[in-house]
Amino acid sequence: MSQAVAIAWRDLRSTYVSPFGIGVTAGFVALSGVLLTLALGANQARLDGWFGPLMVVVAVLASLLTMRSFAEEERAGSLELLLTAPLRLWQVVVGKLLGAAGVLAAITVATVVCPLLVGSMGDPDGGPIVTGYVGLLLAGVAFLAVGLAVSSATSNPLVAAAGSMALLAGLWFAGVVAPGLGHPARDVLQYLSPSSHVTGFLRGTLALVDVTYFLSLGLAGGAGAVAVLSARR
Amino acid sequence: MTGVAVELAGVTRRFGRTTAIEDVSFDVRPGEVLGLLGPNGAGKTTTMRVLTGFLRPDAGAVRLVQGQTATEADEAGARRLVGYVPEAPALYSDMSVSAFLVHCARLRRVPRRHRRQAVRRAARQAGVEEVLTQRIGTLSRGFRQRVALAQALVHDPPVLVLDEPTTGLDPRQVVEARQLISRLGRKRTVLLSSHLLAEVTQLCRRVAVLDRGRIVTVAEVAALTQGGTLEAAYLRLVQG
């Protein structure tokens, strides 16, 4: 595990010594501010209308963060040094996931100012705010894992980002089109779509099915990344 | 630590329909510097990547043999025995040399209490002590090559795999790099890929010559140069 932590620490550090990391953080925080302004248009001190769109933005963020994880390392040539170290592939993937999750956590912490601001103006219910953040982090880590799987399949960071966004958008829209379909396609697509699993977090509930979904998506993404790296050897 | 021998037996690697190397077999004896010679595209880099576990062979096997114990090269444990300098080593340019070497030591399972000492030793061996605090991105190509060598040495591996280690260096740096490899080769098993015949003559006792993905000979340099130069023998082998 120490090696995975070393990879994570290096990635986290390198993100924040680059303009990319600072720009992405600033962009996300600024966008969360804009979304907050829109969400508060109804003059109610509640944040479910803020967390909902933020989940979609986190999917984009995850694609941007993970495009560097493998694709950029392969493009630069440093992947060769990483994969010839005495590590198992899962350790490399876990290290990359932890590094990206660290960046996601730092960015998420920076948005805490939004609920604090709402709290200073009204009396929002604390439960949905806590579950909203739990959902945001759970969904974010799951999206990062999916992004890692895509990133491991290409040496072009832009292709990796576009591929991750397309895959996550596909999963998301599966939930939008599902109601128009018959059983069992409707149930399968609805289960597969993150959009069906974020609602509970926004309302202040932590449902086992939603937590399990995001953990499963994360595991599938991680396993996918290991499988792709192994197949490319 | 007893010496480690490297054995390649019938190694084949394909990329789609292209066969990069086919039925490659040779061994590197413990404490030997073996030169891997061949024209561009002969399969030298692929051979080295298979040996370091970066690529898996489609057929055949690569083994690291220490005493009575043989390990497949693509096992994580076996990679602990190998230090690798790729042809165009890409280092993390945003890190200082020292931080990069500590990072590599962690990845290569150097215990925490020995890490600083290991970094100092590798830096001394590779001649990068004076730039330890500098950012890698600010270093000259020669120093970057040395840092690449230092990362390969940081876990004190008994086997070194060097892929064209002097490419792109100026003449003075080439001389220094060769002296360094010569020193390192006294205690280690070294596989050195090069297309510079003078380099191979100076550093190696034996060579394996690859052409179009196949081994055409494995022989003592002295035997190849009998009655002529290595250049003449090499041209005969790769064109014949």
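So the protein sequences, as listed, match chains A and B.
Here the numbering used here is used: position 107 in the first sequence is 107, and no number is missing along the way.
The numbering used here runs 1000 ahead of the 1-based position in the second sequence.
Note that CB positions come from ideal geometry on N, CA and C, so glycine has one too.
Could you tell me how far apart the beta carbons of residue i and residue j are, in whole angstroms, since I believe they sit closer than 8 Å?
i, j, result
"Met55 of chain A", "Ala161 of chain A", "Not confirmed; about 18 Å, so no contact."
"Ser164 of chain A", "Val146 of chain A", "6 Å"
"Ser78 of chain A", "Leu1091 of chain B", "7 Å"
"Val1062 of chain B", "Ala1073 of chain B", "4 Å"
"Gly1213 of chain B", "Ala1020 of chain B", "6 Å"
"Leu171 of chain A", "Ser151 of chain A", "Wrong, their Cβ atoms sit about 17 Å apart, outside the cutoff."
"Ala1126 of chain B", "Leu1107 of chain B", "Contact doesn't hold; Cβ gap of about 17 Å is too wide."
"Ala1078 of chain B", "Leu1064 of chain B", "5 Å"
"Arg1178 of chain B", "Glu1164 of chain B", "13 Å between Cβ atoms; not a contact."
"Pro1039 of chain B", "His1195 of chain B", "7 Å"
"Phe1015 of chain B", "Ile1215 of chain B", "Contact flag wrong, Cβ pair sits at about 19 Å."
"Leu1081 of chain B", "Pro1157 of chain B", "6 Å"
"Ala149 of chain A", "Ala225 of chain A", "4 Å"
"Leu168 of chain A", "Ala59 of chain A", "4 Å"
"Glu74 of chain A", "Ser155 of chain A", "4 Å"
"Ala110 of chain A", "Thr25 of chain A", "6 Å"
Answer yes or no: the CB of residue i versus the heavy atoms of the ligand GDP, is any distance below 6 Å?
i, result
"Ala145 of chain A", "The ligand GDP is not part of the structure shown, which contains no ligands of any sort."
Which term fits residue i, buried or exposed, when burial requires 16 or more other beta carbons within 10 angstroms of its beta carbon?
i, result
"Phe1143 of chain B", "buried"
"Asp1211 of chain B", "buried"
"Leu136 of chain A", "buried"
"Asp968 of chain B", "Only positions 1001 to 1240 of chain B appear in the structure, and residue 968 of chain B is not among them; the question remains open."
"Arg1205 of chain B", "exposed"
"Ile129 of chain A", "buried"
"Phe214 of chain A", "buried"
"Gln1145 of chain B", "buried"
"Val1131 of chain B", "buried"
"His197 of chain A", "buried"
"Gln1151 of chain B", "buried"
"Ala8 of chain A", "buried"
"Asp187 of chain A", "exposed"
"Thr37 of chain A", "exposed"
"His183 of chain A", "exposed"
"Glu1220 of chain B", "exposed"
"Leu158 of chain A", "exposed"
"Ile22 of chain A", "exposed"
"Ala64 of chain A", "The residue you asked about is not Ala; residue 64 of chain A is Leu in the sequence shown. Leu64 of chain A comes out buried."
"Ala85 of chain A", "buried"
"Arg1172 of chain B", "exposed"
"Pro179 of chain A", "exposed"
"Val17 of chain A", "exposed"
"Arg1017 of chain B", "exposed"
"Ala153 of chain A", "buried"
Strictly below 7 Å CB to CB, what residues from chain B border residue i?
i, result
"Thr84 of chain A", "Thr1052, Gly1053, Phe1054, Arg1079 and Tyr1084"
"Glu80 of chain A", "Phe1054 and Pro1086"
"Ala76 of chain A", "Ala1090"
At 9 Å on the CB atoms, spell out the chain A contacts of residue i, in chain order.
i, result
"His1103 of chain B", "Ala6, Ile7, Trp9 and Arg10"
"Asp1094 of chain B", "Arg13, Ser14, Val17 and Ser18"
Run through chain B and tell me which residues come within less than 9 Å of residue i, C-beta to C-beta.
i, result
"Arg233 of chain A", "Gly1053, Phe1054, Leu1055, Arg1056 and Asp1074"
"Arg88 of chain A", "Ala1076"
Could you tell me which residues DSSP puts in a beta bridge with residue i?
i, result
"Asp1211 of chain B", "B:Arg1214"
"Ser1194 of chain B", "B:Leu1037"
"Tyr1084 of chain B", "B:Val1161"
"Leu1008 of chain B", "B:Phe1026 and B:Val1062"
"Glu1220 of chain B", "B:Arg1206"
"Arg1258 of chain B", "This structure leaves residue 1258 of chain B out entirely; chain B is present only between 1001 and 1240."
"Phe1015 of chain B", "B:Thr1018"
"Thr1189 of chain B", "B:Val1159"
"Ala1070 of chain B", "B:Val1065"
So which residues of chain B does residue i contact, with C-beta pairs closer than 8 Å?
i, result
"Gln3 of chain A", "Arg1106, Leu1107 and Arg1109"
**Q.** Cβ contact check for the region 1 to 14 of chain A and the region 77 to 93 of chain A: 3 or more pairs under 8 Å
**A.** Per the Cβ contact rule, the region 1 to 14 of chain A is in contact with the region 77 to 93 of chain A (3 or more Cβ pairs under 8 Å).
Q: Would you check if there are 3 or more beta carbon pairs closer than 8 Å linking the region 1113 to 1132 of chain B to the region 108 to 125 of chain A?
A: no
Q.
What are the residues in the region 9 to 36 of chain A lying within 9 Å of chain D by C-beta distance?
A. Among the chains of the structure shown, chain D does not appear; the protein chains present are A and B.
(Q) Counting beta carbon pairs with one atom in the region 141 to 157 of chain A and one in the region 219 to 227 of chain A, are three or more of them shorter than 8 Å? (A) yes
Q | the region 1138 to 1156 of chain B contacting the region 103 to 116 of chain A, beta-carbon criterion three pairs below 8 Å | A | no
Q. Should the region 1030 to 1038 of chain B be regarded as contacting the region 1190 to 1198 of chain B, the criterion being three or more beta carbon pairs within less than 8 Å?
A. yes
Q | Cβ contact (3+ pairs, closer than 8 Å) linking the region 200 to 213 of chain A and the region 44 to 51 of chain A | A | Yes, the region 200 to 213 of chain A is in contact with the region 44 to 51 of chain A.
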